[in-house]
Amino acid sequence: MTGASEGSGFLAVDSGGSGLRVVVGTAERGPLARRASGEPVRTGDRGIDPEHFLARLVPLVRALTAEAGPVRLAAAVVGATGFASLGAGLRAELPGALAREFGVRRVALAADAVTAYVGALGPRPGVVIAGGTGLIAIGTDLAGWRRADGWGHLLGDCGGGAWIGRAGLEAALRAHDGREGGSARLLACAEEVFGPVAGLPGALYPRPDRPAVLASFAPTVAACADEDPVAAGILRAAARHMADSAAAVCPSGGESRVAVTGGLFKTGDPLLVPLDEELAKRLPRARRMPAEGDPLHGAVRLAAELSAGPLTLPGDETMLSVTTLSGD
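Residue 592 in this note's numbering sits at position 267 of the sequence shown; the count goes up by one each step and never skips.
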């Protein structure tokens with residue numbers, strides 16, 4: 326196979342809260358095979374657990390290389406949720422392990438925000454707002470990276486799914502108590518979903534998946550926004566937070582590209598319309614563009630580029646680190 330003889334085979338991995346998604350391909354032919362595992366990688370004392378990561382990844386890659394044919398893997402890109410703050414173990418062990426297992430000599434480890442950026446905008450300057458359960462904005466001028474928020478549901482992620490869901494449930498509890506700022510509509514919706522709201526603290530606080538449970542109420546808030554001013558105000562505040570984060574990382578000078586990516590934006594116009602209005606206030610020279618693809622698409626783009634030569638985008642120890650190992 327051409328990809329094997331030229332050594333341009335690549336491995337692209339997207340590791341997130343829903344598990345691993347993996348692609349094998351070549352720079353010339355693009356993706357050749359893909360698989361997924363529904364078990365997310367554990368985190369521990371060293372952050373993202375490299376042993377568990379490899380235990381989940383290696384069988385997938387072996388199956389993919391058997392399916393794709395005799396592709397010699399020259400490069401690998403791994404985009405991982407939490408890599409910026411929890412990636413020390415992966416940085417220390419993954420490049421060597423991939424070299425031993427598959428002969429990979431160039432390995433790029435990236436925060437999932439970086440692969441989301443590349444999937445949305447490619448190797449161009451601009452800003453990407455990635456919104457799901459959490460919220461982070463990332464920007465580059467091709468000389469360095471800047472990030473804003475992404476601090477988790479207790480300290481930040483302002484405007485993300487958990488933030489919106491929590492604000493919606495707070496409005497429901499305000500209505501239950503008879504306090505100002507409450508929403509009878511959101512109260513009714515909350516009780517339909519969760520049962521009597523007086524039981525919410527006991528049902529919610531002990532759960533290890535509390536951010537996801539909070540975020541599960543965000544689509545309900547969006548669905549109420551057309552008729553409920555409190556719900557509309559929550560989405561407006563979320564859009565304002567997103568625009569603040571985008572402005573904090575936007576490259577200076579000239580017209581800036583802005584894209585949004587992630588499941589949160591499937592809520593559509595109730596969130597996107599106020600977001601466009603808030604972006605116009607904070608970044609009047611910015612132009613919002615449709616995202617070209619998702620984080621796995623970004624990992625594939627980076628891996629194809631790395632298999633053929635150096636990356637266009639800037640390196641950064643916590644955001645995008647590249648390791649090149651000597652041959653046998």
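Ideal Cβ positions, reconstructed from N, Cα and C, are used throughout, including at glycine.
The structure displayed is predicted, hence computed values, not measured ones.
Note on geometry: alpha-carbon atoms of Leu621 and Met567 lie some 23 Å from one another. For Ala513 and Ala562, the gap between their C-alpha atoms comes out near 22 Å.
Per DSSP, the continuous beta strand (DSSP E) segment holding Leu398 begins and ends at 398-405. Rounded to whole angstroms, Pro450 and Ser577 show a C-alpha spacing of 10 Å. The C-beta distance from Gly404 to Val439 rounds to 7 Å, short enough to meet the 8 Å contact threshold. Rounded to whole angstroms, Leu511 and Thr458 show a C-alpha spacing of 19 Å. About 6 Å separates the Cβ atoms of Arg416 and Ser646, confirming a contact at the 8 Å cut-off. Cβ-Cβ separation between Ile489 and Val432: approximately 36 Å, too far for a contact (criterion under 8 Å).
Taking every protein chain shown into account, the CB of Ser651 has fewer than 16 other CB atoms within 10 angstroms, so this residue is exposed. Within the DSSP bridge table, the entry for Thr586 names Ala455 as partners. Residue pairing for Ala500: DSSP places it in no beta bridge. For Arg610, no alpha helix (DSSP H) segment is defined, and its DSSP state is neither H nor E. Contact between the region 337-345 and the region 370-384 is present, with at least three C-beta pairs closer than 8 Å. Contact between Ala441 and Ala455 holds: their C-beta atoms lie close to 4 Å from each other, under 8 Å. Glu603 is the residue among Glu617, Glu603, Gly344 whose C-alpha sits nearest the C-alpha of Ala611. The alpha-carbon separation between Arg360 and Gly344 amounts to approximately 11 Å. Per DSSP, reduced to three states, the secondary structure at Arg430 is coil, with no helix or strand assignment. Assignment of beta-bridge partners to Ser541 by DSSP yields no partner. Gly355: member of the beta strand (DSSP E) spanning 355-362, first to last residue. At a Cβ-Cβ threshold of 9 Å, Phe427 and Leu357 do not count as neighbours.
Judged by DSSP in its simplified three-state form, Thr465 adopts strand. Residue environment for Thr586: buried (at least 16 other C-beta atoms within 10 angstroms of its C-beta).
Leu479 and Asp534 have their alpha carbons spaced roughly 13 Å apart.
The three-state reading of DSSP puts Thr368 in strand, counting E and B together. For Thr351, the enclosing beta strand (DSSP E) covers residues 344-351.
C-alpha of Ala393 to C-alpha of Gly350: approximately 7 Å in a straight line. The shortest CA-to-CA distance from Ala550 to any of Leu596, Asp482, Pro635 is the one to Leu596. Rounded to whole angstroms, the gap between the alpha carbons of Thr465 and Ala473 is 12 Å.
Selection Arg532, Glu505, Pro420, Ala571 evaluated against Ala400 yields Pro420 as nearest (Cα-Cα). Under DSSP, Phe335 takes part in a beta bridge, and its partners are Gly350, Ala400. When the five nearest sequence neighbours on each side are left out, the beta carbons in the same chain lying within less than 6 Å of the beta carbon of Met614 are those of Arg582, Ala584, in order along the chain. Burial state of Pro639 is exposed, judged by a 10 Å Cβ sphere holding fewer than 16 other Cβ atoms. In this structure, DSSP gives Thr592 a helical state, which the three-state scheme calls helix. Using a Cβ distance threshold of 9 Å, Ser333 and Glu353 count as a contacting pair.
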